[in-house]
Amino acid sequence: MRSAYLERPRWSCALEGALAAAGSMPGVVPVLHAGPGCAGNFAWTANGASGLQVTGQCLGLSVPATNLQENEVVFGGTDRLREELLETARIMEGDTLFVLTGCLPEVIGDDARSLADELSTPERPVLFASVPGFSGDSYAGYGEVLKSIAADGVRRLRTKRDLANVWGVPPGLDPFWRGNLEGIRGLLALLGIRANLLFGPASDPKALRRAGAAAANIVVSGLYGAEAAGIFRDLHGIPSVPAPLPYGAAASERFLKAAGRAFGLPPSRMRRAIQTAGRAHYAALEPAVDLLNDMESQRHAAVIGDANHAPALSAFISEELGWVPELTVIVNDLDARGREALEGYWEATGTPRPANLVYASDRRSILEAARGVWPEAPQEGYRDPKRPAIVLGSSLDRALASAIGAGHLSVSYPVANRLVLTRGYTGYRGGLALTEDLVSACIGGR
Amino acid sequence: MSYLDSKIPPVREHRHPETSLAHGSRWRGGHAAGACPIASRADRSFTQGSICPLLPALGIMLSLPDTVVLMHGSVGCGSCAAGNNVNVRGGLSSRGAPVDDVVWLSTALDEMNVINGGDARLREALVECDRVYRPKVILAVSGCLPGVIGDDIDAAAAAVRDEVKARILPVHCEGFKSRFMATAYDVVYHAVGRHLMPDPASVGPRDPRRVNVMNVGSMGLADERELARLAEALGLEANFFPVFADPDSFARAAEAALSISVCPTHDDYFLTHLEESYGVPHVIRHMPIGIANSGRWLRDLGDAVGRAAEAGKIAEKEEGLLRDALEPFLPAFRGRRAFVSAGEYRSLATASLLQELGFEVCGIRSFHFDSYAEVELEKLSRARECSGQGTAGRRAGGAGRGSAAQGGDGDGFVFNVANVQPFEEANLLRRLKPDVFLGHMHGNSTAARMGIPCQVIYNSGYGYLGYRGAYDLARRLHRKMANPGFYRRLGQFGKLPYRESWYGEDPFSRIRGGEEDGS
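Below, the structure is given as structure tokens:
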């Protein structure tokens, strides 16, 4: 049963996730059909959660919005939306409008979808997603935007044999999304596959159209984007390929194998790529081996994050650094079906199942789980204290870190205390960046 | 009957019917206040996302110690607490208090709740969070959703009152009910007034030294220290509330000798309540921003406690010290063009300060406008005449739509009322080309991306108020203007989301209504 409230929810609502996604697509202008404070609310949320990334091209308080008032709540808001859309087309630069509906119009029954369809032209498509806050969390909103793209935004074009769409990295909710998408692009390039990225500076206004020409949809998440990939498969015949979120070298190897297989490349091609990249990777790491070993940099760790990050981080520290993941907390509110889907995805992608896995997001439950590893009572006699320890989590997990006497690094949403721009942890370079950040977090007093 | 007798507070639309969100005009010195072409029904045919009363309200509520903020709405409503949390952590740290994350909760209403109502869930949440966190106060805050599905947060609070140890304060923040974020203050103080204030009969004796000063969410400790210093110079002790104030300490306000406002638009609801219900008189006139305004504020305070002469002397001395201290900065400011954008009162008061520093104020944007601000506009116009910056004359071009602002003529400033709306701002800035932009927190990125050096104002933790605040802002402005490298580079490559054709249109062309409607 649902608990009566969520404590410090580590996500916002569907509208927020949808806005973060649609607002990160070059050439796309999101239009909020919602209450007056939603945009400001999301900007302030990002302030404390997305590694200082607030504005973006059409995000923050720049996003066109109907700011519904009592009058519209009583008499309906579609007239206001019509006016807003026509004006948006005159004032805002962009080829595609993306109408996103929040709680108010969905409760009062505005038919925004019909209006979007009516105003849509081949030169200026108007896409639509129904994403009221009560329909789900930010992840759901990201998923709805992808589903709209799959169902309405894309026409099947002649397949480009070397082109892949990449789903499963939600902008904003993954504070490292830009770098993570770039890292994935870099990995695919090792196999001569072009990544068609729809979001962020790595994208371009033609990416949306091009998505219909992809030979495959690579989904680097067990949950987010999988449904949209299903629509792509059913409507456009583009197959869906589950692949791990490739944090570091070991996961990158699995990613390359999965992607290469999907594109029908001979295994020798993947082996060669893995050999070359692996050599370069460890050549880069080599100068630090002396001290990484001698200063006993190995750590016991609690990993806390969403269904994408926690397992990827847990696998990374275990496989790459040889650290000991003592506890892995997935913060998402997942029902049995969601958890099953996740397990299936780990199985399919060869992602190691996280050690000591717990589903929780409130401070008390997470602390309780951590106390199972790091008890409060002073350790006496010959008992392994599981230290030195570190918490890899969100900014909200600093209290946990100090409660169990561990170090801390913000690597999952919300990230309030780091600036994140291009940093990403995917691919080989991402693995090195993560190694740098983790070890630096441990030796700040050096 | 007092507003506080009803469960639901009035919105600004009703309490201050003259309040407006949309207005744009060219303004010249010499304009007489009182004829402001402002109309509450003025609106726009194109709008960008904005801020609802919930957001500033959370800024206050989340700072209260031993308090749980229970959002009743969809899970996104109030997710900005993640950002407020940053400010509260900073505020706790500067006050030497243990730093920890604020407790915000959400009933995260889903589709079933929308169909069946969310009252039961709210009641359950109230009981449960009281048991888990044992707070002194639970703020049960309603977002838009309960307002449209018909949940009654007051009834839910009343229903569980016997089961819950904490005091429950229902707070009405349905965003669609008011276009004015200033309504936020009223809804919070409505709840505080109804639930945290003592029975007037049980209030202790008046403390003749205590003066109430309401702090606002974006005011930091530096500002409090400055105002406390000025009050102390008059032998008074400033009682700051509500931000960061213990819920049990609110009653102290009823025992004060006097209240003095620092921001009329923020304070009037509660200071009126203190006067009407507890007999605490209040002064609500000037915001202590800038040299002259700080002097006015201090003299008002002295006047009210019978120490007018003393206050005058202190103000004179402070002003002398400040002017000497500012001297080295002034050459860099003289004649430079400044644009300021912030809350109603503060944008105007800050413009006065900028004039005092030698800037030519070429544009002012206010989040809203009501009768409180007329006096500030008048001060600005007068100051322009005195300094010879403005040409005395009538306001040019009429009001609202059709009065396109042209930059560079140096004889007036553009006054634009907008609940943010950066598209108008971008258009104005392209015309006016100011040398520096001063914007409220989260209001600077448009100007910054146009290559204009930006100085944040009203980001909590920095000083803005009183004499020392004026010095501190001048110091930071000087530093900013001494090296605008970051903005220059940004402006060369930065990009805004507007069509080039938009910059050729009248910046106020999307404002409709206005004078005609409001009459």
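Those protein sequences? They're chains A and B, same order as listed.
For the record, in the first sequence the residue sitting at position 37 is 34 according to the numbering used here, with numbers rising by one throughout.
With positions in the second sequence counted from 1, the corresponding number in the numbering used here is that position plus 1351.
From the three backbone atoms N, C-alpha and C, an ideal C-beta is built for every residue, glycine too.
Residues of the region 1791 to 1805 of chain B whose Cβ lies closer than 7 Å to any Cβ of chain A, in chain order: H1793, S1796.
For A:D159, the number of other beta carbons within 10 angstroms of its own is below 16, and it is reported as exposed. When the Cα atoms are used, B:S1401 and B:V1771 turn out to be separated by approximately 6 Å. DSSP, reduced to helix, strand and coil, places A:T98 within a strand of the structure shown. Within the region 1828 to 1848 of chain B, K1846, L1847, P1848 place their CB atoms closer than 9 Å to a CB of chain A, listed in sequence order. The beta carbon of B:I1715 sits no closer than 8 Å to any beta carbon of chain A. Shown here, A:S311 sits in a helix according to DSSP, grouped into three states. Around the beta carbon of B:L1672, a 10 Å sphere encloses fewer than 16 other beta carbons of the protein chains shown; the residue is thus reported as exposed. C-alpha of B:V1631 to C-alpha of B:E1588: approximately 15 Å in a straight line. Contact between A:D134 and B:V1426 holds, with the beta-carbon distance rounding to 6 Å and staying under 8 Å. For A:T273, the number of other beta carbons within 10 angstroms of its own is below 16, and it is reported as exposed.
Of the candidates B:S1645, B:D1786, B:H1829, B:R1658, the residue whose Cα lies closest to the Cα of B:C1713 is B:D1786.
Residues of chain B whose Cβ lies closer than 8 Å to the Cβ of A:I105 are, in chain order, V1499. The alpha-carbon separation between A:A403 and A:E4 amounts to approximately 23 Å. Close CB contacts of B:P1521 within its chain, under the 6 Å cut and outside five residues either way in sequence, are with A1491, I1504, D1505, A1508 (chain order).
For B:F1690, the enclosing beta strand (DSSP E) begins and ends at 1688 to 1693. Put simply, the backbone Cα of B:R1687 is about 14 Å away from that of B:Q1806. By the neighbour-count criterion, in which a residue is buried when 16 or more other Cβ atoms sit within 10 angstroms of its Cβ, A:I235 is buried.
A Cβ-Cβ distance of about 5 Å is found for the pair A:A18 and A:P168, placing them in contact under the 8 Å criterion. A:G275 sits away from A:A240, with the two beta carbons spaced by 8 Å or more. Note: B:A1589 is bridge-paired with B:V1562 in the DSSP secondary-structure output. Between the alpha carbons of A:L184 and A:E250 lies a distance of about 9 Å.
Within the region 1447 to 1463 of chain B, those residues whose Cβ lies closer than 8 Å to any Cβ of chain A are, in chain order, D1451, D1452, V1454, W1455, L1456, S1457, T1458, A1459, L1460, D1461, E1462. DSSP places A:G275 in the uninterrupted alpha helix (DSSP H) bounded by 264 to 282. With distances taken between CA atoms, A:C100 lies nearest to B:L1496 out of B:Y1484, B:A1459, B:L1496, B:V1420. Among the CB atoms of chain B, one or more fall inside 8 Å of the CB of A:V70.
Any Cβ of chain B closer than 8 Å to the Cβ of A:G176 would place that residue at the interface, and such an atom is absent. The C-beta distance from A:F125 to A:V26 rounds to 13 Å, too long to fall under 8 Å, and the pair is not in contact. If you draw a straight line from the Cα of A:A396 to the Cα of B:Y1809, it comes to about 29 Å.
The Cβ atoms of B:P1360 and B:V1538 sit closer than 8 Å to each other. With a cutoff of 8 Å on beta-carbon distance, B:F1680 and B:F1710 are scored as not near each other. At least 8 Å separates the CB of B:G1864 from every CB of chain A.
For B:F1766, the uninterrupted beta strand (DSSP E) run begins and ends at 1764 to 1768, by DSSP. Straight-line spacing of the CA atoms in A:D201 and A:P23 works out to 5 Å.
The beta carbons of B:C1480 and B:I1489 sit closer together than 8 Å.
Counting C-beta atoms within 10 angstroms of its own C-beta, B:E1575 has 16 or more neighbours from the protein chains shown and is therefore classed as buried.
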